[in-house]
Structures are given as structure tokens and as C-alpha cells.
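Chains as they are written, first to last, in the numbering used here: chain A, 32 to 353; chain B, 60 to 343. Heads up, the thing below is written out as C-alpha cells.
What follows is the structure, encoded as C-alpha cells:
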């Protein structure tokens with residue numbers, strides 16, 4: 032298993048990159064910091080998607096449901112019980128994982144397009160329920176009250192830097208989880224399931240159980256990103272945290288970078304999110320949707336010319352260079 | 060009780076239009092295993108085409124049906140040749156994602172050139188309602204569903220009785236075997252995609268007689284169609300036809316019994332429950 036022991040060279044490259052990421056926000060503009068925060072957030076969601084989509088072969092187009100539930104759970108607990116968002120973070124993750132299991136179990140025989148449609152149907156039901164649910168503000172959503180900035184309140188007014196470093200830590204956690212999954216026995220089971228349910232079963236893998244593990248891990252991590260988003264923007268409604276374009280963006284980040292690789296989604300996010308954030312900032316303000324037209328074109332071109340992911344192409348080049 | 064019958068009638072009427080839409084989608088899905096997320100946006104193009112033909116040239120939506128069919132057939136050919144066929148060789152995920160890109164592009168482009176406003180065609184040949192012992196029957200809705208039935212049966216006849224139709228069904232059954240039998244599967248792919256688009260064009264003209272027309276109208280239609288196709292069973296034309304009516308009825312009755320805002324949630328829930336019990340769909 033020499034493939035999975037991290038070489039000294041890789042460790043040095045990782046350390047250098049991490050140092051760069053720690054220093055970079057100190058010399059960035061506020062908008063630059065914002066773009067990096069959103070990039071990390073989608074990178075985290077992409078890594079989480081990869082656990083179930085890239086490794087276990089369940090192409091979910093409904094990840095936004097877990098993102099939204101994470102955002103709503105912590106915000107609801109803050110507003111109603113004055114609980115710290117950190118407690119909400121864990122609570123949201125647990126609720127998302129349980130819901131993921133509850134919906135994943137009946138869907139455990141679904142594959143391919145049927146699974147994709149089921150994931151969309153699930154996320155749309157969640158959106159419709161929240162849009163009509165008065166206890167969570169229905170269509171008007173929830174606004175978090177301004178409180179004194181502190182780590183326990185998960186709220187900072189004077190600078191975006193704390194948000195940046197928290198998000199960076201979250202992303203590292205997600206990458207670590209994905210790395211652990213990919214190198215553990217579970218990762219091999221996931222790949223077997225992706226290849227074929229029948230073969231996996233013959234090999235003695237409990238397909239239903241391991242599919243549920245994949246979905247639950249993915250849901251928990253995505254939910255954490257949702258809680259972060261709520262604390263960062265301080266206002267959520269179903270139209271901002273539960274709509275399908277977010278799910279698509281998450282899939283896209285993973286696909287562009289390279290599904291089935293640990294760092295692929297991070298690379299995908301680093302390319303796609305700044306592109307879409309800057310084009311929105313430059314072109315979107317008129318409300319003409321030119322930025323969306325470009326975005327649609329970009330998705331089409333990526334699918335046509337880079338469907339296997341950039342990260343795979345890069346590592347292939349590096350291997351060839353050796 | 061009368062209200063309930065009224066809702067049932069409305070449900071069947073919209074369901075028949077769903078059937079036509081879903082048949083177009085299931086054809087593409089069955090033949091090349093591609094889920095077209097831009098299907099609803101093709102519908103929007105069809106509706107706008109009828110709208111402009113009516114507004115600029117005074118052509119009634121009923122007479123724009125053949126124009127729509129031809130125009131969207133060509134559009135389908137074009138999109139298949141230059142985009143879909145290129146992605147077909149790639150990984151499955153890219154095939155799922157590419158039509159999202161097309162969908163976002165088309166709907167936002169339409170919003171840019173036509174504004175996102177709602178429009179409607181006011182005085183078509185078909186307007187008004189019939190009153191049949193208290194049950195109101197909207198004439199445009201009625202004629203649209205008749206049009207859907209005729210078109211659906213036309214497609215069915217074409218597939219069962221012509222050489223090309225049989226070739227399409229053969230590819231749907233077994234691509235490799237069809238290839239060995241000398242069928243040009245690439246040609247069948249593009250033809251199926253174009254026919255699927257043409258059917259949506261017809262549905263667009265029919266819907267334009269009574270439905271609001273706006274750039275983002277395709278979104279919900281597209282999602283509902285996925286559920287119908289999957290409910291009907293992979294690539295099954297008859298299945299899609301029956302499931303379309305079923306979904307129309309469930310949506311309308313569900314909206315009436317619970318709350319209109321939940322009607323789509325009910326359709327999605329029905330999908331999830333069905334695939335839980337029968338993962339292969341009703342007729343798969």
C-alpha cells in the first residue's frame with residue numbers, strides 16, 4: 032500500500048500551500064477574502080459530495096437539503112433557545128445525518144439516474160416544506176440577531192479573517208475525513224459498491240449499510256458548511272440556502288476538479304468559485320443574467336472537454352514528468 | 060363532491076400534457092440513457108415561439124404546432140450534434156451535468172432578450188369554457204389534451220410501424236445488438252433527441268393557449284417530467300403516458316385536499332414512495 036503513505040515531498044508541498052493559505056488573506060482585500068471563504072465553503076461541500084458521489088457512486092443532486100438544514104438548525108436554536116451556534120453546528124449535522132439515513136434507506140436500491148432524481152425530489156420536498164413552515168419563518172426565513180463578536184457566538188463584525196480561518200479549518204477537517212475514508216477499508220467497500228452492487232455483495236460487503244455510511248458522512252459535513260454560511264451571512268431563507276442551483280454547483284466543483292480524488296473538489300472550487308463570484312460582481316449587478324449565461328456556457332464546456340476533472344490531468348502530467 | 064370531480068377533470072387535462080412532455084423525455088432517456096435537464100427549457104422555447112408567431116404574425120398557436128415541431132426538431136438535432144454527442148463518450152457524471160449547463164444558458168438567455176416578465180396569449184381560436192352539468196371544462200385545456208393524445212398515439216404508431224421507429228426501439232432494447240444488426244446507432248441517437256425536442260415543441264404550442272409564458276417556466280415542468288418518466292419505468296412510452304395522467308391527477312387532487320403550495324411536494328413524495336417499493340418504476 033505504498034500509494035497511500037504520504038511522501039516527504041508531498042508533505043512539504045502541503046505545508047507550503049497551507050502556509051500560503053494562512054498568509055494570503057492578510058494581504059487580500061475584503062472582497063478577496065470573501066471569495067476565498069466561499070471557495071473553501073464549496074470546496075468543503077464538494078469534498079463531502081465526493082464521499083458519496085465520487086467514491087460510492089451515488090450522484091446526489093440534492094446536497095442543498097443538508098446545507099439548508101445545517102443553516103436552519105443552528106439559526107433556529109440561536110433564535111429560540113439562545114444556544115451557541117457551535118451546538119447548532121453539531122445538532123444540524125446529526126439531524127442531517129439522521130435524515131440522510133431515513134431517506135437513504137428506502138433509496139438503497141436506486142442507482143444512476145433514479146438516485147439522482149430521488150435526491151432532487153428529496154431536496155425539493157425539503158425546500159417546499161421550509162417555504163411553508165411558519166415556525167422557521169416560512170418564505171421570509173430567519174435573521175440572526177447581532178450580538179457581541181466572539182468565537183463562542185460564532186460572529187465577527189470587525190473583520191472577515193476569523194470566518195476565513197474557521198472555514199479553512201472546516202475544509203481541512205473535510206479533507207482529512209475524505210482522506211481517511213479513501214484509505215480505510217470503508218473506501219474499498221465504497222469503490223466495490225460503485226463498481227457493482229452484486230459483486231460487492233458477493234464479496235461480503237453490506238451494501239445497504241455502507242451506502243448509508245457514505246450518505247451520512249456526506250450529509251454531516253455539508254450541514255456544517257450550511258451552519259457556517261448562516262453565521263457568515265446572518266440571514267437565511269429557502270431561496271438562498273435550499274435551491275437546486277447550489278446542489279448543481281456542488282456537483283460541478285467535484286466534477287471539474289475530479290471526482291474520486293481527495294483534493295479534486297478543492298481544485299475544482301478554486302477554479303470555478305472565483306470565476307463565478309467575480310463574473311457576478313462584474314456582470315451580475317445589472318440583473319441581466321449575463322453572468323448566468325456565461326456560467327451555463329462554462330458548465331457545458333467543462334462537461335465536453337474536461338469531464339474527468341482537472342486534478343486527474345494535473346497528477347497525470349506530474350507522473351509523466353518524473 | 061362537484062368540486063372533487065372538477066379537480067379530477069383538471070388533473071387529467073394537465074396530466075395529458077405531462078404525458079406528451081414525458082414521452083419526449085423518456086425517448087431520449089431510453090435510447091441513449093441521457094437525462095435531459097434542459098427538457099423544460101425546450102418547452103419554454105416552444106411556448107415563446109408560439110407567442111411570437113401569434114404576436115408578430117397573427118398565427119394562432121394551434122396552427123403554429125407544425126412550425127414548432129419542425130423548429131424544435133432542428134434545434135434538437137443541432138444540440139445533439141454539437142454538444143450531447145461529444146459528452147456521450149465521457150463519464151456518466153458529465154452526461155448528467157451538461158444538460159444543466161444548457162438549461163441555465165437557455166433560460167437566462169431568454170430572460171436577457173425577452174425580459175423575465177410573464178406573458179400570455181389572450182384571444183386564441185380556443186377560449187372560454189363548456190359547462191357540463193356544473194363541471195367546467197376549459198376549451199383550450201380540453202383541446203390541448205386531445206392534441207396531446209393524438210400526438211402521443213402518433214409517436215407510438217411511428218415507433219411500432221415504421222422502419223426507423225423499429226430501429227429506435229431496437230437501440231433502446233439493446234444498443235450493441237442493434238449495432239451488430241447494422242443499425243446506425245449514432246443516427247438513431249440524434250433522431251431520438253430531435254423527435255423528443257419536436258414533441259416538446261408541440262406541447263409548447265398547446266400549453267401556450269392557456270399557460271403563462273416566461274423564461275423560467277421550464278424549471279418545474281422539467282422536474283415533474285423526470286418523476287413521470289421514472290415512475291413510468293425506464294424508457295417506457297406507455298408507462299410515461301399513464302404516469303403523466305397519474306401525476307396530473309395526484310398533483311391537482313393533492314393540492315386541493317392539502318394546500319396548493321404543497322402540490323409539487325406531493326408529486327415528489329409519490330415518486331420516492333414508488334421507487335422505494337418498485338425501484339424499476341411502474342412498468343419497468
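Note that beta-carbon positions come from the ideal geometry of N, C-alpha and C, so glycine has one too. On a predicted model such as this, the values are computed, not experimentally measured, just so you know.
Residues bridged to residue i [DSSP beta-bridge criterion]
i: residue 181 of chain A; result: A:186
i: residue 190 of chain B; result: B:195
i: residue 173 of chain A; result: A:267
i: residue 178 of chain B; result: B:272
Cβ shell of residue i (< 6 Å), same chain only, five flanking positions each side left out
i: residue 83 of chain B; result: 255, 258 and 259
i: residue 310 of chain A; result: 322 and 325
i: residue 295 of chain A; result: 288, 289, 340 and 342
i: residue 183 of chain A; result: 115
i: residue 313 of chain B; result: 322 and 325
i: residue 327 of chain B; result: none
i: residue 204 of chain B; result: 72 and 75
i: residue 128 of chain A; result: 247, 250 and 251
i: residue 174 of chain A; result: 266
i: residue 311 of chain B; result: 66, 69 and 70
i: residue 76 of chain A; result: 253, 256 and 281
i: residue 32 of chain A; result: Note that residue 32 of chain A scores a pLDDT of 40, beneath 50, so its modelled location is shaky; the value from the coordinates is reported in the next line. Nothing meets the Cβ criterion.
i: residue 158 of chain A; result: 269 and 273
Proximal residues of chain A, C-beta to C-beta of residue i below 8 Å
i: residue 273 of chain B; result: Within 8 Å Cβ-Cβ: nothing; residue 273 of chain B doesn't reach chain A, min ~13 Å.
i: residue 157 of chain B; result: 330, 331, 334 and 335
i: residue 335 of chain B; result: 137 and 138
i: residue 146 of chain B; result: 334, 335 and 338
i: residue 286 of chain B; result: 148 and 152
i: residue 142 of chain B; result: 331 and 335
Where residue i falls, given that 16 or more other Cβ within 10 Å makes a residue buried
i: residue 291 of chain B; result: buried
i: residue 226 of chain A; result: exposed
i: residue 79 of chain B; result: buried
i: residue 273 of chain A; result: buried
i: residue 62 of chain B; result: exposed
i: residue 240 of chain A; result: exposed
i: residue 42 of chain A; result: exposed
i: residue 179 of chain B; result: exposed
i: residue 243 of chain B; result: exposed
i: residue 329 of chain A; result: buried
i: residue 191 of chain A; result: buried
Amino acids of chain B, ordered along the chain, whose beta-carbon sits closer than 7 Å to that of residue i
i: residue 283 of chain A; result: 156
i: residue 279 of chain A; result: 159
i: residue 239 of chain A; result: Within 7 Å Cβ-Cβ: nothing; residue 239 of chain A doesn't reach chain B, min ~13 Å.
i: residue 326 of chain A; result: 163
Other residues of its chain near residue i: CB distance less than 7 Å, five sequence neighbours each side excluded
i: residue 198 of chain A; result: 68, 71, 72 and 259
i: residue 218 of chain A; result: 86 and 212
i: residue 118 of chain A; result: 108
i: residue 134 of chain A; result: 153
i: residue 155 of chain B; result: 94
i: residue 224 of chain A; result: 87, 88, 231, 236, 238, 241 and 242
i: residue 93 of chain A; result: 150, 151, 153, 154 and 278
i: residue 91 of chain A; result: 80, 83, 84 and 150
i: residue 120 of chain A; result: 105, 255 and 258
Chain-ordered neighbours of residue i on chain A, where CB pairs are closer than 9 Å
i: residue 95 of chain B; result: None at all; the shortest Cβ gap to chain A is about 11 Å.
i: residue 330 of chain B; result: 148, 149 and 152
Residue i: contacting residues in chain B (beta-carbon distance under 9 Å)
i: residue 290 of chain A; result: 150 and 152
i: residue 145 of chain A; result: 289, 293, 334, 338, 339 and 340
i: residue 355 of chain A; result: Outside the displayed span of chain A (32 to 353) sits residue 355 of chain A, for which this structure offers no information.
i: residue 141 of chain A; result: 334, 335 and 338
Close Cβ partners of residue i (< 8 Å) along its chain, the five nearest in sequence each way excluded
i: residue 198 of chain B; result: 185, 186, 187, 188 and 189
i: residue 306 of chain A; result: 329
Under 8 Å from the C-beta of residue i: neighbouring residues of chain B
i: residue 155 of chain A; result: 282, 323, 324 and 327
i: residue 163 of chain A; result: 318, 320 and 321
i: residue 345 of chain A; result: The premise fails here: residue 345 of chain A is roughly 17 Å from chain B at the closest Cβ pair, so nothing lies under 8 Å.
Listed by chain order, chain A residues near residue i by CB distance under 7 Å
i: residue 115 of chain B; result: Under the 7 Å cutoff, chain A gives no residues; its nearest Cβ is about 23 Å from residue 115 of chain B.
i: residue 170 of chain B; result: 320
i: residue 243 of chain B; result: By Cβ distance, chain A contributes nothing, its closest Cβ being about 23 Å from residue 243 of chain B, past 7 Å.
i: residue 167 of chain B; result: 320, 323, 324 and 327
Near the ligand MN: residue i beta-carbon under 8 Å from a heavy atom
i: residue 67 of chain B; result: In terms of ligand content, the structure shown is empty, and the ligand MN therefore cannot be addressed.
At 4 residues or longer, what runs of the alpha helix (DSSP H) sit wholly inside the region 286-323 of chain B? As far as the region 286-323 of chain B is concerned, its whole alpha helix (DSSP H) runs of at least 4 residues are 296-316.
Threshold first: 3 residues or longer. Then list the beta strand (DSSP E) segments lying entirely within the region 107-185 of chain B, N to C. Within the region 107-185 of chain B, no complete beta strand (DSSP E) run reaches 3 residues.
Which whole runs of the alpha helix (DSSP H) in the region 56-124 of chain A are 4 residues long or more, in chain order? The qualifying runs are 61-81 and 95-112.
Please list the segments of the alpha helix (DSSP H) lying wholly inside the region 306-353 of chain A, counting only runs of 4 or more residues, in order along the chain. Listed in chain order, the complete alpha helix (DSSP H) runs (minimum 4 residues) inside the region 306-353 of chain A are 321-336 and 341-352.
Quick check on the DSSP output: what are the complete alpha helix (DSSP H) runs of length 4 or more inside the region 201-230 of chain A, in order along the chain? Runs of the alpha helix (DSSP H) inside the region 201-230 of chain A: 216-226.
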